Amino acid sequence: MKNVIVVIVMSFFLKSAFAQDASFTQFNSAPLWYNAAFAGSITEKRAEVLYRDQWPKLSGGYQTIYASYDQYVKKVRGGVGFMSTYDNALGTFRTYTNSLAYAPKIKIKNFSISPGIKFSYIFKSLDVSELTFGDMIDSQSGFVYTTQESINDHVSFFDLSSGIVFNTTSFYVGFDVEHLLEPNESFVGGESPLPRRYALTAGYTYQSKNKNFSITPNLLWQSQQTARMLITSATFKYKWFLVGGGYRFGDALLAMAGIEFHGLRINYSYDYTTSKLNTVTGGTGGAHEISLRCLIK
């Protein structure tokens with residue numbers, strides 16, 4: 054039997070082709086997703102992998118994989134980065150993104166300014182066999198007919214994004230605009246522009262003199278179409294050990310734990326849903342994330 058949730062959600066979103074981008078609790082582990090200007094923003098070469106499993110109690114759920122590599126390249130006087138993502142919504146709608154980012158560095162006394170630009174190719178696919186429509190229903194036998202709806206099973210397009218980051222040794226703030234061209238992502242013909250996504254990120258690190266302890270508060274504000282999101286969080290580090298928490302306003306409490314040593318960091322986070330979504334049948338199961346970062350000198 055067709056999954057009722059898939060039917061309702063997919064029928065609603067076909068016109069806008071899932072207009073909202075994926076989002077991460079560990080947003081610092083997905084630097085190029087939130088701002089191209091983070092490419093080459095640290096002295097080391099950086100590789101990141103992040104996996105998110107959202108609402109696992111719902112059939113299909115939402116899974117997202119992020120992977121990136123970036124470094125500063127002296128010959129081009131800036132940072133260069135590569136990013137790939139895979140997003141699976143309810144086992145029916147999938148998005149693949151591959152991106153190249155460049156961010157020149159401008160140093161002014163004790164801080165630096167870095168504008169960034171990102172070129173992307175995006176491929177979206179839709180499993181039409183999982184959808185049901187009104188013209189498939191027989192009043193006596195239920196879903197027995199073949200739909201006459203004309204729906205493409207995939208779309209693809211190029212995209213452009215840009216951002217800027219201000220950095221000091223202990224503080225950063227950045228602003229980014231994704232989908233500057235608002236490319237058409239419609240599966241059913243006509244125009245369905247992918248809405249621009251705006252993101253403001255900021256963070257500060259306090260470190261003890263002996264470098265055994267540090268605290269890092271972070272902030273993410275994001276806006277896309279009518280969706281708004283604000284995350285505040287803080288991570289405490291003692292020697293190799295990481296622990297932290299945060300809040301996604303109006304939606305979830307966040308808890309994090311991990312280890313970091315010799316340039317390698319492994320971190321886990323859990324989102325406990327506090328919104329009305331948690332009252333649906335059996336709850337949503339929140340969201341799990343696990344990230345791996347490797348820094349190479």
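Heads up, the sequence shown is in my numbering, so the first residue is 54 and it goes up one at a time. C-beta atoms are modelled at their ideal positions from N, C-alpha and C, and glycine is treated no differently. Model, not experiment: these values are computed from the prediction.
Val226, DSSP secondary structure in three states: One-based indexing of the sequence shown puts residue 226 at position 173. Of the three classes helix, strand and coil, the one that applies to Val226 here is strand, per DSSP.
Contact test: Phe77 Cβ vs the ligand FAD heavy atom, cutoff 8 Å: No copy of the ligand FAD appears in this structure; indeed no ligand is present at all.
Segment limits, alpha helix (DSSP H) that includes Leu35: Any property of residue 35 remains undetermined from this structure, which presents the chain solely from 54 to 350.
For Val133: DSSP bridge partner residues: As a position in the sequence shown, residue 133 is number 80, starting the count at 1. Val133 pairs with Gln124, Tyr155.
Proximity below 9 Å, CB of Ile175 to CB of Phe210: Residue 175 sits at position 122 when you count from the first residue of the sequence shown. Residue 210 sits at position 157 when you count from the first residue of the sequence shown. Remark: C-beta atoms of Ile175 and Phe210 approach each other more closely than 9 Å.
Phe240 - DSSP class collapsed to helix/strand/coil: Here residue 240 is taken as the residue at index 187 of the sequence shown, counted from 1. Residue state, collapsed to three classes: coil.
Bounding residues of the beta strand (DSSP E) (the contiguous stretch that carries Ile5): There is simply no residue 5 to check, as the chain begins at 54 and stops at 350 in what is shown.
Which listed residue (Leu247, Ser182, Tyr155, Ser267) has its alpha carbon closest to that of Lys128: Mapped onto the sequence shown, residue 128 falls at position 75. Considering only alpha carbons, the answer is Tyr155.
Status (buried if at least 16 other CB within 10 Å, exposed otherwise) for Gly311: For this step, residue 311 is matched to residue 258 along the sequence shown. Around the beta carbon of Gly311, 16 or more other beta carbons lie within 10 angstroms, which makes this residue buried.
Beta-carbon spacing of Leu233, Ile204 below 9 Å: Residue mapping note: residue 233 aligns to position 180 of the sequence shown, counting from 1. Residue mapping note: residue 204 aligns to position 151 of the sequence shown, counting from 1. For Leu233 and Ile204, no; Cβs fall outside 9 Å.
Span separating the alpha-carbon of Pro157 from that of Leu348: Residue mapping note: residue 157 aligns to position 104 of the sequence shown, counting from 1. Residue mapping note: residue 348 aligns to position 295 of the sequence shown, counting from 1. Cα to Cα, Pro157 sits roughly 20 Å from Leu348.
Distance, Leu306 Cα to Thr222 Cα: Counting from 1 along the sequence shown, the entry for residue 222 is found at position 169. Counting from 1 along the sequence shown, the entry for residue 306 is found at position 253. The straight-line gap from Cα to Cα measures roughly 29 Å.
Thr337 - containing beta strand (DSSP E), residue span: Along the sequence shown, read from residue 1 onward, the residue named residue 337 stands at position 284. The continuous stretches of beta strand (DSSP E) do not include Thr337, and DSSP gives it neither H nor E.
Opening and closing residue of the beta strand (DSSP E) in which Glu313 lies: Along the sequence shown, one-based indexing puts residue 313 at 260. That run of the beta strand (DSSP E) goes 305 to 314.
Per-residue DSSP class, three states only, for Ser165: Residue 165 sits at position 112 when you count from the first residue of the sequence shown. In this structure, Ser165 counts as strand in the three-state DSSP scheme.
Same chain only: Cβ atoms within 6 Å of Ala314, ignoring 5 sequence neighbours per side: Numbered from 1 along the sequence shown, position 261 holds the residue referred to as residue 314. Here the sequence assigns Phe to residue 314, which means Ala is not the residue at that position. Cβ neighbours of Phe314 beyond the five flanking positions: Trp293.
Rounded straight-line distance, which links the Cα of Arg318 to that of Phe77: One-based indexing of the sequence shown puts residue 77 at position 24. One-based indexing of the sequence shown puts residue 318 at position 265. Each residue's Cα considered, the two are about 17 Å apart.
Inter-stretch contact (C-beta, 8 Å, three-pair minimum) for the region 284 to 302 and the region 110 to 126: Between the region 284 to 302 and the region 110 to 126, the count of C-beta pairs closer than 8 Å stays below three; the two stretches do not touch.
Where Asn320 falls: helix, strand or coil (DSSP): Start at 1 with the first residue of the sequence shown, and residue 320 comes out as number 267. In this structure, DSSP gives Asn320 an extended state, which the three-state scheme calls strand.
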